[in-house]
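Written below as structure tokens is the structure these notes are about.
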Amino acid sequence: MKPIGISKQTLLVALIPILVMVALLESYIIYSRFKDLETAFAERSHLLVHQLASSIEYEVFSSNTTALKNDVKSTLSQMDVSRVVVLDATAKPLAGGLGGSQVRYEDMLEKSNSSTPSYQDEEVLDLYEPIKFIPVELSDLDVENGLKASSTPAKPVGAVIIEFSKHRMNSQKHEILLLSLVFSLLVLMVAMILARWSARRITRPVIGMNEAMRSFGEGNLYTRISHQPDVLELKELSSGFNEMAKNIQHNQSILETRVAERTSALAASEHESRTLVDHSPDTIARYDKDLRRTYVNPAFAAMTEGGSDILLGKKPSEFPGGPNSDIYEDKIKEVFSTGKDVQFELKWTAKGEKETCSSIRLTAEYDMSGRLISVLAVGHDITELMESKEELNRKELAKSRFLAAAGHDLRQPLAAANLFIDALRYAQPTSEQKKIIQRLDQCMSTFNELLESLLNISKLDAGIIKPEYTSFSIANIFNWLEQSFTPIAQEKHLDFKMYFPGKKELIVFSDIDLIKSVLMNLVSNAIKYTSRGKVLVSARSRGGDVLFQVWDTGVGIKEVHFPYIFDEFFQINNQQRDRKSGLGLGLAITRRSISLLGGKITFRSHFGRGSVFEFRLPLGNSKAEVASPLGHDAALGIDTDVSLVRGKHFVIVEDDVLVAEALRKSLEMMGGMVEHFNDAEDALRNPRIGQADFYIADYMLGGTLNGIKFLLQLSSKLNKHFNAVLMTGDTSPSFIHEAERFGWPVLHKPVNLSQLIYWLHEQSRK
Amino acid sequence: MPGFAQYVCNIWAWVFLLLFNYVNPVYAQSINDSTSLKVTIVLSEKSGSYVEFSNSLDELLSKNNIPHQVIVSTETIPASGLAIAVGMKAATAVAASNASSILNVLITKTSHAKLLHDFLRREVSPSFSTIYLDQPIGRQANLIAAILPGKRNVGILYSTPPKELSQIRETFKAHGLKIQEQEVGPELTLPDALQEILLGRSEMLLALPDGAVYNDSTIRNILLATYRRGIPLIGFSSGYVKAGALCALISTPAQIATQAAALIRQFNETHALPAPQYPHEYEVIVNEPVANVLDLQVTSASALHEKIREEIE
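Protein chains in written order, with our numbering: chain P, 151 to 916; chain B, 311 to 623.
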């Protein structure tokens with residue numbers, strides 16, 4: 151629907167109801183008035199004609215023409231009467247208006263007569279009334295007396311026709327119509343004027359406001375509506391507008407000021423960042439979606455042959471190119487697709503064929519609407535860093551390798567020395583000599599330990615030690631702990647307890663040996679630093695882990711030393727200490743071991759009251775592999791039954807001269823007979839190889855066959871059971887398992903002679 | 311009447327009689343009484359003056375213990391007893407019936423003559439008589455003399471000359487009144503005749519029973535005409551006076567009933583009716599406004615009455 155203006159609307163609102171009302175009223179009034187007029191006219195006419203008819207009854211009776219004429223005349227003088235005619239019984243005129251019977255009466259008689267007494271058209275009304283003698287009321291006596299009553303209704307003795315002109319009435323009607331029309335028009339006019347006036351009162355101010363708004367919209371913020379309208383609501387509107395305009399103008403100026411400030415601040419910061427970028431030693435470049443450089447900073451340009459000209463607009467693969475440029479491009483693409491920053495190292499060729507390594511960080515750049523438009527690459531030259539790092543690595547590796555190798559080399563003489571000491575024991579020493587041997591043994595022991603610690607730590611550092619995870623029962627370890635340390639604890643009158651849930655077997659998923667060594671270290675520390683009270687070792691399940699704790703009521707650790715206790719070679723000096731103080735590597739090794747297993751070792755301590763060291767390991771889920779190589783080491787320091795050696799043939803396959811020699815000597819001292827081979831092939835070639843009672847083979851042999859292979863070959867050659875032990879420096883569980891599969895015990899170097907004998911004997915008993 | 315209608319009328323007569331049995335104990339009694347004379351009053355209409363008459367008569371007859379019944383002329387008229395025919399219609403019916411003795415009342419001399427003529431009755435009979443309704447001429451003359459002293463010329467209009475015309479002339483002459491006559495007919499219309507009378511010497515107009523001249527249609531105009539001339543009209547019944555005539559001599563139904571009762575008593579004894587007679591009792595009625603307008607010093611009706619009586623006596 152088209153919008154209608156206020157003027158039109160007001161006009162309609164004013165006019166339509168008035169029109170309707172006027173129309174209704176006027177039509178009603180006109181109708182009613184017309185009706186009244188007509189009714190009055192008709193009534194009057196009828197009355198007049200009736201009156202005439204009745205009043206001239208006597209005149210007609212007495213044929214008094216003069217009187218009739220007078221009557222007619224007087225009737226004619228009445229309003230609206232145009233023609234009168236009095237007829238006799240034969241319808242002949244007796245008298246008529248305007249000169250007796252000269253008036254034309256025939257047409258009148260035609261129009262209205264006895265059969266149609268009333269005739270009417272627009273102009274005239276003709277009424278016909280018969281003249282009758284009005285009868286008198288008679289009583290029956292009158293009748294009896296001979297006063298006759300007319301039986302039939304009396305015949306009319308004449309008639310009267312009066313023609314009435316409607317002219318006056320019609321003119322009256324016209325007058326009414328005209329007047330009402332005039333009146334209506336007048337009213338409508340007034341209404342229209344009012345409407346117009348009313349509309350104007352609104353439209354003018356509104357137009358003014360419109361103008362003001364337009365002007366304001368075009369940017370003339372100082373525009374105000376100056377002319378306050380009369381209409382209340384519009385007045386409010388205009389003052390509201392002015393208020394709003396004022397506020398907007400004010401805000402606008404504030405905004406402009408702020409914008410100016412910001413712009414200058416921005417300009418300043420931009421200048422700053424430009425300076426930074428320009429002077430940055432790092433290479434900065436911007437890549438677009440096509441992986442082309444849209445900006446390079448001076449540093450980058452300086453590093454490239456051809457500078458920024460050759461760099462700009464090129465993809466990395468285009469310039470500088472090189473084998474890693476594809477990787478670079480992929481990285482850029484990655485940022486474009488994920489929007490996430492990427493950091494990586496890249497080798498490339500800089501100016502002057504210089505091989506450079508850069509640490510590059512790629513950052514996504516967004517425009518104002520949040521769309522990713524470019525990637526910023528900031529590259530930091532880490533060539534030297536890389537080199538020194540590599541250098542360091544190489545040195546580390548070298549060192550470790552050296553240590554690993556050295557370890558092996560170091561152990562051999564140590565092993566030999568141990569064996570010799572054992573040999574001495576069996577060489578019937580004097581009591582003095584025994585003492586010396588004892589001291590010697592202790593020294594060797596200590597040295598052994600120290601060496602082991604050192605080697606261990608370096609192996610851990612070198613990453614040589616790789617934990618082998620198995621699920622094993624805690625019970626076993628704890629039993630071993632108990633067995634190992636109870637004597638020493640008892641010596642110090644310490645209460646040494648194990649706590650672990652007995653009802654449900656706790657299985658731990660970890661590396662047995664590392665755990666063993668960790669616990670050993672912690673427990674030995676605990677015992678070492680506790681002079682009275684107790685030491686408690688506990689294992690409980692906590693969540694999905696097993697929490698190991700070693701509690702002691704020892705000297706504790708001063709808070710000031712807390713940060714340092716896991717450091718290498720760190721020992722707390724000012725307390726009672728055992729003679730075997732060690733190198734101070736224990737906790738360092740422990741920490742490394744635990745972290746290698748993915749755990750963390752923590753402690754709490756109160757100086758003078760005690761300490762607790764704890765770590766967590768994941769729960770194992772089955773009893774699957776419960777390794778029990780512990781059994782091998784169980785027997786520490788058992789006195790060897792010499793009789794087991796006397797008269798027995800021993801075969802030793804060992805490539806280390808010293809070790810072999812020591813062993814041979816020991817065994818010979820005990821009355822055994824020893825045959826030594828350097829390598830497995832030699833031994834196998836020997837025809838008498840099958841005749842020995844016991845076989846001792848080193849795992850690591852020269853030649854193609856290792857200890858295990860040798861034993862296997864021997865087994866297939868001899869095709870019978872024989873007693874053998876395997877010696878090795880390799881402590882990996884996989885190796886142990888391999889050996890166990892074949893049923894031979896494995897002894898770790900440095901080998902204890904009594905152990906050796908014990909195991910050989912065990913074999914023979916089967 | 312057609313047979314069926316007559317049959318119906320008989321039924322109605324019996325119903326009527328039965329009703330009367332319960333309504334009128336006297337009448338019931340009178341029915342049982344079979345020895346005395348039974349009078350049957352036959353009314354032309356059961357309304358107006360007829361009933362007025364019958365009521366008066368009934369009262370009088372009851373006083374005299376004469377059994378009677380009242381019926382309407384349309385019913386069957388018993389043959390025996392005395393029939394009192396009230397009004398021309400009843401008189402005609404009774405005359406036509408087998409009634410043995412008939413006394414007519416409330417009919418004019420002319421009507422009586424007609425009856426005689428129509429029913430071949432002897433003029434004078436003991437079983438047929440009438441009490442005229444109209445007044446004797448002498449009385450009329452006395453009235454005129456009494457009411458309009460000094461005025462002698464009397465105009466009369468007739469379509470056909472009345473039988474008593476000469477008698478009227480004589481009687482009036484004897485009273486010193488002169489008659490002016492005008493005949494109304496095709497040669498002279500009523501208005502013209504009236505004009506003649508009025509333009510003539512007549513000082514009054516005496517109305518005579520003549521239907522062609524004096525009827526309900528013409529009376530007004532006659533009166534108007536005479537009134538306009540200041541000439542009084544002497545009527546012969548109350549209707550005239552009501553319409554505007556100056557005066558009239560009448561006998562009321564009650565007066566006639568008294569006269570009839572006397573005759574009935576007489577008949578009861580003599581079984582004979584006297585000769586027809588004019589009413590003995592009469593009244594003078596005067597239209598006083600008209601009298602005033604006509605500027606006549608008319609004395610009151612009662613005085614006039616006395617005066618007339620004096621004259622008669």
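No residue lacks a Cβ here, since even glycine has one placed at the ideal position from N, Cα and C.
Everything numeric in this text was worked out from a predicted model, so none of it was measured.
- Within the stretch 273-297 of chain P, the residues whose Cβ lies closer than 9 Å to some Cβ of chain B are K282, F283, I284, P285, V286, E287, L288, S289, D290, L291, D292, V293, E294, N295, G296, L297, listed in chain order.
- The alpha carbon of Q445 (chain B) has as its nearest neighbour, out of B:P519, B:G540, B:A389, B:Q576, the alpha carbon of B:P519.
- Going by DSSP, S623 (chain P) is part of the beta strand (DSSP E) stretching over 620-623.
- The continuous alpha helix (DSSP H) containing I907 (chain P) extends over residues 903-915.
- Bounds of the beta strand (DSSP E) holding F753 (chain P) are 752-756.
- The beta carbons of I312 (chain P) and T225 (chain P) sit about 7 Å from each other, so the pair counts as a contact at 8 Å.
- Judged by DSSP in its simplified three-state form, F469 (chain P) adopts coil rather than helix or strand.
- Contacts with chain P (Cβ-Cβ distance below 8 Å) from the stretch 396-407 of chain B involve G397, M398, listed in chain order.
- The C-beta of A239 (chain P) comes no closer than 9 Å to any C-beta of chain B.
- Taking every protein chain shown into account, the CB of I357 (chain P) has fewer than 16 other CB atoms within 10 angstroms, so this residue is exposed.
- Spanning the alpha carbons of P243 (chain P) and I180 (chain P) requires a straight line of approximately 40 Å.
- Per DSSP, the continuous alpha helix (DSSP H) segment holding P167 (chain P) begins and ends at 156-205.
- Interface residue (Cβ-Cβ distance to chain B less than 9 Å): A203 (chain P) is not classified as such.
- For N463 (chain B), the closest Cβ of chain P is not nearer than 9 Å.
- Residues of the stretch 442-453 of chain B that bring their beta carbon within less than 8 Å of a beta carbon in chain P comprise L443, D444, in sequence order.
- Using a CB distance cut-off of 9 Å, E260 (chain P) does not count as an interface residue toward chain B.
- G397 (chain B) counts as buried, since at least 16 other C-beta atoms from the protein chains shown sit within 10 angstroms of its C-beta.
- Out of P:E804, P:A874, P:E383, the CA that lies nearest to the CA of N856 (chain P) is found in P:E804.
- Residue B:P542 holds the alpha-carbon nearest to the alpha-carbon of N597 (chain B) among B:A393, B:Q565, B:P542.
- For A299 (chain P), the residues of chain B that pass the 8 Å Cβ criterion are N525, D526, in the order they occur in the chain.
- Going by DSSP, P448 (chain P) is part of the alpha helix (DSSP H) stretching over 448-453.
- The alpha-carbon separation between K552 (chain B) and I529 (chain B) amounts to approximately 11 Å.
- In the three-state DSSP reduction, R318 (chain P) falls in the helix class (H, G or I).
- Listed along chain P are D290, each with a C-beta nearer than 8 Å to that of Y360 (chain B).
- In this structure, H317 (chain P) lies near E273 (chain P), with their beta-carbon atoms less than 9 Å apart.
- The beta carbon of R479 (chain B) sits closer than 6 Å to the beta carbons of I489 from its chain, once the five residues preceding and following it are set aside; these are given in chain order.
- V901 (chain P) is classed as buried because its beta carbon has at least 16 other beta carbons within 10 Å across all chains shown.
- Under the rule that a run must span 4 or more residues, the alpha helix (DSSP H) segments found entirely inside the stretch 411-473 of chain B read 419-428, 447-457.
- Taking the Cα of K282 (chain P) as reference, the smallest distance to any Cα among P:M319, P:S581, P:E207, P:M258 is reached at P:E207.
- Sequence-ordered contacts of the stretch 218-238 of chain P with chain B are nonexistent [C-beta pairs closer than 7 Å].
- Taken atom to atom, the span from the alpha-carbon of S475 (chain P) to that of Q402 (chain P) is near 52 Å.
- In terms of CA proximity to A203 (chain P), P:L218 leads the group P:L218, P:G694, P:T189, P:A192.
- The residue among P:R766, P:A345, P:A527, P:P473 with its C-alpha nearest the C-alpha of V492 (chain P) is P:A527.
- In terms of CA proximity to A810 (chain P), P:F570 leads the group P:Y679, P:R521, P:F570.
- Less than 9 Å separates the beta-carbon of G465 (chain B) from that of L508 (chain B).
- For N408 (chain B), the CB contacts under 7 Å within the same chain, skipping 5 residues up- and downstream, are A389 in chain order.
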